[in-house]
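One structure is given below, encoded as structure tokens.
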Amino acid sequence: MKACIMCGGAGTRLRPLTFKHPKPSIPILNKPSVRHLIEHLSREGFNEIVMTLGYMGERIEEQLGDGHMFGVHINYVYEKEKLGTAGGVKNAEEYLKNEPFIVLGGDHVLNLDLREMYRFHEANEALITIGLLSIDDPREFGIADMDINNRIHRFLEKPKSGQIFSNLASTGIYICDPEIFNWIPENKKYDFAKDLFPALLAADKRINGMLVRGKWTDVGSSAAYRQAQRWMLDALPGTTIEGNFTTRNARIRGPLSIGNNVSIGSNSSLVGPIVIGENTVIGDNVLIGPYSVIGANCTIENNSKILSSYLFDGVSIGKNSNISGAVVADETSVGEECNLENGTVIGHEVVIGNNSTVHSGVKIWPEVVIEKNSSIKEIVVNPAYDTTNEGS
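See below:
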């Protein structure tokens with residue numbers, strides 16, 4: 001079975017994390033998000049994968065190669081200009097035109113039964129089958145009006161208050177018949193939700209919906225990113241330790257995944273689920289709480305607390321600092337006696353001086369230096385980087 005993964009977006013809503021990583025490469029459990037997706041597709045029997053690439057696409061190709069290590073074959077198709085979701089798939093038509101195929105976003109994190117969805121599409125007459133999920137607030141998604149026979153009669157992208165005729169939200173996962181290529185113009189920006197679905201419905205062509213069960217999110221915001229990490233941490237099967245591991249009377253309660261050459265100091269406490277990357281050094285009297293991920297080559301000094309936070313590779317945390325519900329990108333240095341409050345997002349190569357506080361929900365752009373004794377209550381941008389943080 002064939003799959004098309006769309007990876008063209010710039011990930012502006014996830015900034016400052018996406019200045020160094022394209023959105024599909026943001027790490028979840030210390031490996032690129034899209035790698036989890038490909039491994040799931042492989043388990044479900046989708047072994048021919050096409051990836052449509054745009055922003056920082058070379059990084060994605062470098063991380064995944066030809067796919068053989070995941071039991072799949074990957075072809076890459078680059079967009080010279082932004083073509084939209086349907087236009088990007090049209091750009092990859094040569095790899096997809098002979099049989100039905102599944103379309104997903106490169107930022108999707110899920111455990112859905114995609115094989116069941118594919119079989120449902122094969123058994124029913126429709127050009128497209130849309131995976132639908134009932135959610136409390138569908139305003140950030142497309143919503144569908146579906147009848148008892150699974151036929152969709154209305155579809156509205158990102159409805160406003162007063163327009164929410166259904167809470168069946170599109171997951172952005174589609175099973176497509178190759179006939180859809182006849183409906184998508186070449187070399188033109190064209191979206192599934194905004195353009196193709198209205199055109200098909202206006203022509204009385206059948207679009208089906210299928211109610212899916214399980215967990216799904218698109219990692220389009222820092223809140224969704226933290227939620228995806230929690231889901232994946234909940235799925236840890238137990239405690240695994242790779243290679244060398246040293247500790248001096250630390251208290252450890254799993255589940256944990258610990259990489260090679262990790263060192264944990266005296267009287268520290270780790271309460272899983274936790275993932276720790278290789279070559280990380282954790283000092284004495286450190287508390288690492290549940291739902292935390294620490295990357296490779298990190299240093300956490302004595303008497304610090306890491307609680308429900310996600311540290312990328314090469315992060316250092318000074319003595320007596322408290323990191324709570326934060327995301328800290330690569331090579332950032334947090335000084336002593338610092339406090340990163342819930343929902344803070346720190347870009348790569350930031351330096352935060354001693355005795356500083358970053359207040360809840362604040363974002364700091366890459367390569368910024370925060371002076372010691374600072375209290376940061378608003379976003380801090382670096383004019384050397386684009387300052388847009390809304391959009392895709």
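Under UniProt numbering, think of the first position of the sequence shown as 1, with each following residue one higher.
All residues carry an ideal CB built from backbone N, CA and C; glycine is no exception.
- If you look at residue 145, you'll find it in the beta strand (DSSP E) that goes 142 to 146.
- An exposed status is given to residue 186, since fewer than 16 other beta-carbon atoms sit within 10 Å of its beta-carbon.
- The beta-bridge partner set that DSSP reports for residue 31 consists of 28.
- Residue 218 carries a strand assignment under DSSP once its states are collapsed to helix, strand and coil.
- Nearest in C-alpha terms to residue 251, of all of 271, 242, 263, is 271.
- When the alpha-carbon of residue 36 is set against those of 5, 56, 16, 17, the nearest one is in 5.
- Contact check between the region 119 to 132 and the region 26 to 36: fewer than three CB pairs, one atom from each, fall below 8 Å, which does not count as touching.
- Shown here, residue 79 sits in coil according to DSSP, grouped into three states, outside any helix or strand.
- Going by beta carbons, residue 190 and residue 87 fall inside the 8 Å limit.
- When DSSP states are grouped into helix, strand and coil, residue 10 belongs to the coil group.
- Under the DSSP assignment, residue 58 falls outside any beta strand (DSSP E), being part of the alpha helix (DSSP H) whose first and last residues are 57 to 64.
- By the neighbour-count criterion, in which 16 or more other beta carbons inside 10 Å mark a residue as buried, residue 73 falls on the exposed side.
- Look at residue 126 here: in three-state DSSP terms it is coil, with no helix or strand label.
- The closest CA to that of residue 3, considering only 143, 21, 115, 248, is found on 115.
- The region 221 to 299 contains, as complete beta strand (DSSP E) runs of 3+ residues, the segments 245 to 247, 251 to 253, 256 to 258, 262 to 264, 269 to 271, 274 to 276, 292 to 294 (chain order).
- For the pair of segments examined, the region 172 to 186 was found not to touch the region 156 to 163: the number of CB pairs separated by less than 8 Å stays below three.
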